[in-house]
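Down below is the structure, laid out as structure tokens.
Shown next as structure tokens:
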């Protein structure tokens with residue numbers, strides 16, 4: 002028997018297991034029954050970040066709620082590699098894209114950071130977290146990365162866990178991509194703002210024993226492009242694309 | 002003397018050289034003098050795709066036109082590698098992103114293609130070409146890739162130049178990224194639509210001697226993410242990021 006994954010995938014905060022009943026929130030019921038027009042007997046895929054992916058069947062469909070019943074596990078639980086993606090928030094649409102792309106590309110945690118040249122004083126963490134959830138539903142992941150609150154880069158570096166390597170993209174070293182050291186274990190990638198990192202930040206980063214500068218080719222990349230390119234280099238060198 | 006590049010970069014269809022005068026179109030004059038508020042004596046960077054980048058000075062500024070004079074060459078002419086990016090047009094915003102990213106990432110030619118699962122019957126070639134020009138201005142390139150008209154993939158493959166290798170992303174082979182063969186010379190990358198390529202297309206592509214399937218990790222990437230990831234792998238393996 003082939004276990005097929007239904008087309009609609011939904012992240013739920015509920016235990017999943019054989020014949021497990023899962024109650025739906027008003028928003029989820031609206032999406033499944035109002036927007037997607039599902040009826041009793043229809044199938045959706047569920048994941049919760051710990052129990053893998055399950056094929057579930059609509060048992061009750063209402064305007065304000067509903068119940069799904071798990072029928073079969075369709076994918077085991079998998080975690081993305083232990084990789085953080087640090088980025089300086091930019092314009093709304095591109096910030097949304099960076100969050101979406103980080104999830105698709107398999108970052109485990111997303112940390113918006115305030116750098117010297119970051120204009121944003123605040124972010125809408127809840128909105129970015131919802132984007133991350135949507136991206137996980139869409140890309141077939143069984144895990145939703147946490148989007149942290151906005152933190153100052155200097156404070157983050159002051160408390161940095163020393164066993165976590167940090168790859169940062171140094172525009173001043175434009176040209177050939179520098180090879181990433183093949184160090185296993187936890188990693189992070191820092192994507193600066195469109196204005197680049199400041200000279201003080203550059204000096205500080207280069208002095209950190211766990212930080213590794215790489216260049217991303219001879220052209221100047223926008224922050225969202227740089228995020229995907231850096232994640233690709235990391236994933237093919239050290240991550241789950243190997 | 003340091004030759005600094007001015008912050009505003011403009012693509013012009015005009016020869017560039019020492020003391021060369023460059024007349025501005027109405028749109029260019031509006032942008033420089035109306036939007037960016039430049040006045041006589043201000044400096045901009047010009048490139049035309051053949052003569053490198055030049056620092057030019059505003060000599061005349063009018064509402065409907067103006068003149069710039071080239072003062073010094075600030076970058077030599079460089080071409081991106083001989084790489085085509087074929088993609089199936091998707092929703093407007095993501096199509097725009099793919100064009101923008103292809104330019105930043107150094108594709109030399111951008112070809113929208115109609116595949117079995119492509120919904121678009123037509124594209125606005127002029128709008129996409131304008132996007133490509135803007136991306137080249139922004140990313141520091143001295144070359145603007147041509148955006149071709151929409152072509153059917155089967156017709157393009159029927160006339161394919163056999164010395165051009167083709168890398169395509171096969172979702173059916175999700176998992177580890179397959180290594181790209183280290184074949185020098187002209188290349189192309191094919192990014193399928195969000196619905197993937199059809200079984201018939203897959204069979205046909207796998208049978209072509211110049212086509213190479215690669216996988217882009219264990220998650221399903223959106224077309225715009227896949228474009229940047231595939232371009233990164235190509236550029237670091239065979240292109241100008243080496």
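Residue numbers (the numbering used here), protein chains in the order written: chain A, 2 to 243; chain B, 2 to 243.
Every residue gets a Cβ at the ideal spot worked out from N, C-alpha and C, and that includes glycine.
- With fewer than 16 other Cβ atoms inside 10 Å of its own Cβ, residue 122 of chain B counts as exposed.
- In this structure, residue 224 of chain B and residue 95 of chain B form a Cβ contact; the two beta carbons are roughly 6 Å apart against a cut-off of 8 Å.
- For residue 86 of chain A, the closest of A/100, A/75, A/160 by C-alpha to C-alpha distance is A/100.
- In this structure, the alpha-carbon of residue 34 of chain A lies about 49 Å from that of residue 172 of chain A.
- The Cβ of residue 242 of chain A sits closer than 8 Å to at least one Cβ of chain B.
- For the pair of segments examined, the stretch 154-174 of chain B was found not to touch the stretch 121-138 of chain B: the number of CB pairs separated by less than 8 Å stays below three.
- Between the stretch 53-69 of chain A and the stretch 12-29 of chain A there are three or more inter-stretch CB-CB distances shorter than 8 Å, so the stretches are counted as touching.
- Within the stretch 78-102 of chain B, the residues whose Cβ lies closer than 7 Å to some Cβ of chain A are 102, listed in chain order.
- For residue 104 of chain A, the closest of B/88, B/221, B/228, B/237 by C-alpha to C-alpha distance is B/221.
- Closest in C-alpha terms to residue 216 of chain A, from the list B/242, B/115, B/226, B/195, comes B/242.
- Counting along the chain, residue 61 of chain B sits inside the beta strand (DSSP E) bounded by residues 54-62.
- The alpha-carbon of residue 10 of chain A is positioned some 37 Å away from that of residue 156 of chain A.
- Within the DSSP bridge table, the entry for residue 168 of chain B names B/190, B/213 as partners.
- At a Cβ-Cβ threshold of 8 Å, residue 143 of chain A and residue 54 of chain A count as neighbours.
- Among the CB atoms of chain A, none fall inside 8 Å of the CB of residue 71 of chain B.
- In the three-state reduction of the DSSP assignment, residue 41 of chain B falls in the coil class.
- The alpha carbon of residue 111 of chain A has as its nearest neighbour, out of A/22, A/92, A/152, the alpha carbon of A/152.
- Of the residues assessed, residue 109 of chain B falls on the buried side of the cut-off, its CB having 16 or more other CB atoms within 10 angstroms.
- Straight-line measurement puts the Cα of residue 32 of chain A at about 31 Å from the Cα of residue 226 of chain A.
- When C-alpha distances from residue 102 of chain B are compared across B/56, B/137, B/60, the shortest belongs to B/137.
- Rounded to the nearest angstrom, the Cβ distance from residue 126 of chain B to residue 150 of chain B is 5 Å, consistent with a contact under 8 Å.
- In the DSSP assignment, residue 11 of chain A falls within the beta strand (DSSP E) that extends over 10-12.
- With contacts defined as CB atoms closer than 8 Å, residue 71 of chain B and residue 39 of chain B fail to qualify as a contacting pair.
- When the Cα atoms are used, residue 148 of chain B and residue 162 of chain A turn out to be separated by approximately 46 Å.
- Shortest Cα-Cα distance from residue 77 of chain B to any of B/69, B/93, B/52 involves B/52.
- Close to chain B, meaning a Cβ-Cβ distance shorter than 7 Å, is no residue of the stretch 11-45 of chain A at all.
- Residue state for residue 111 of chain B is assigned as strand, using DSSP reduced to three classes.
- The shortest C-alpha to C-alpha distance from residue 218 of chain A to any of B/212, B/236, B/7 is the one to B/236.
- Taking CB atoms only, residue 105 of chain B has a neighbour in chain A less than 8 Å away.
- In the structure shown, residue 98 of chain B adopts helical secondary structure according to DSSP, grouped into three states.
- Beyond the five residues adjoining it in sequence on each side, residue 195 of chain B comes within less than 7 Å, by CB distance, of 91, 223, 224 in the same chain, given in chain order.
- With respect to the 8 Å criterion, residue 50 of chain A and residue 145 of chain A are classified as neighbours on the basis of their beta carbons.
- Taking the Cα positions, residue 21 of chain A is about 15 Å away from residue 12 of chain A.
- At a cut-off of 8 Å between beta-carbon atoms, residue 215 of chain B makes no contact with chain A.
- Neighbours of residue 218 of chain B in chain A, taken as residues whose beta carbon is under 7 Å from its own, are 107, 236, 241, 242 in chain order.
- For the options A/81, A/206, A/210, the alpha carbon positioned closest to that of residue 140 of chain A is the one of A/81.
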